[in-house]
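Note sheet for the following structure.
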Amino acid sequence: MLLKIGIEKFYLVTHDRGTVQGDYIAALFPDRVLGYVRGEQHLIHYNPALSSQHALFLHAPYNGIMEDPQRLALTAYMWFTAREIPDGAATLQRVAQELAYEGISKAVPRYYGASTFHQEWLDRRRRLMGKWECPIVIMQGYDSPTQPREWFNLEEIQGLVPRAKVLEVKFIPGGHFWPLESPDETTAALREALKALRDL
1 MLLKIGIEKF
11 YLVTHDRGTV
21 QGDYIAALFP
31 DRVLGYVRGE
41 QHLIHYNPAL
51 SSQHALFLHA
61 PYNGIMEDPQ
71 RLALTAYMWF
81 TAREIPDGAA
91 TLQRVAQELA
101 YEGISKAVPR
111 YYGASTFHQE
121 WLDRRRRLMG
131 KWECPIVIMQ
141 GYDSPTQPRE
151 WFNLEEIQGL
161 VPRAKVLEVK
171 FIPGGHFWPL
181 ESPDETTAAL
191 REALKALRDL
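Given below as structure tokens:
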């Protein structure tokens, strides 16, 4: 699609489930990805006890987790945030609106049935990371409940990404949803990361 609209080369900026796609894009199109700001996703380490949401979403038609989008948004943010979200009510309403679109409650279980966090992690470790060539900045929530900061050691990561230069592991104040928990800090960190990638 990017080629159709005339974009040959680009920077990737991802968060959470978008990072899964980003990892594949960086591996499959190394000549087109200029730099990668990789956010909030398992990388070197994985603990299934911290990924219980997979089973919840896979079985959504039976457990009813997606029947009330407002409740789902509120519950997810209660579980996975470490800071209060600025203008939280409006933000949660917007998130709930996204979850309420027709077909979402059917698409999400299908998505989770196609793969697992463990399968994605294995593929990343065995196949994808060795193909990354672009410079990378990793961003994670300082208090992420699903991916502890101890799992993101720059030296260890660099050893597993031999063809790419990992510039930095940047921890943003907040939990899993740091872009919404710390919007100003996130914007500043993204600007800094993109400048560092561009200046190489």
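Residue 188 in full-length UniProt numbering is what sits at position 188 of the sequence shown, and the numbering runs on without skipping anything.
A virtual CB, placed ideally from N, CA and C, is assigned to each residue, including glycine.
Quick caveat: nothing in here was measured; it's all calculated off a predicted structure.
Find out if the Cβ-Cβ distance for the pair residue i, residue j is shorter than 7 Å.
i, j, result
"C134", "Y36", "yes"
"Y11", "L34", "yes"
"A76", "L92", "no"
"A193", "V137", "yes"
"Q147", "F171", "no"
"P69", "L99", "yes"
"Q158", "V169", "no"
"R32", "E181", "no"
"W132", "A164", "yes"
"D23", "L190", "no"
Have a look at the DSSP bridge pairing and note the partners of residue i.
i, result
"Y36", "L12, I136"
"V161", "Answer is none; V161 lacks a bridge partner."
Looking at the secondary structure, which residues open and close the beta strand (DSSP E) in which residue i lies?
i, result
"I172", "166-172"
Could you give the first and the last residue of the continuous alpha helix (DSSP H) run that contains residue i?
i, result
"Q119", "117-123"
"T91", "88-99"
"K195", "183-198"
"K131", "Note, K131: premise wrong, no alpha helix (DSSP H); not H, not E."
"T19", "17-28"
"T75", "69-80"
"Q53", "53-58"
"A114", "104-114"
If contacts are defined as beta-carbon pairs under 8 Å, then residue i and residue j qualify, I think. What distance do you get, rounded to the angstrom?
i, j, result
"T81", "G175", "5 Å"
"P183", "P86", "6 Å"
Check whether the region 149-166 and the region 53-67 touch, using three or more Cβ-Cβ pairs below 8 Å as the test.
No, the region 149-166 does not touch the region 53-67.
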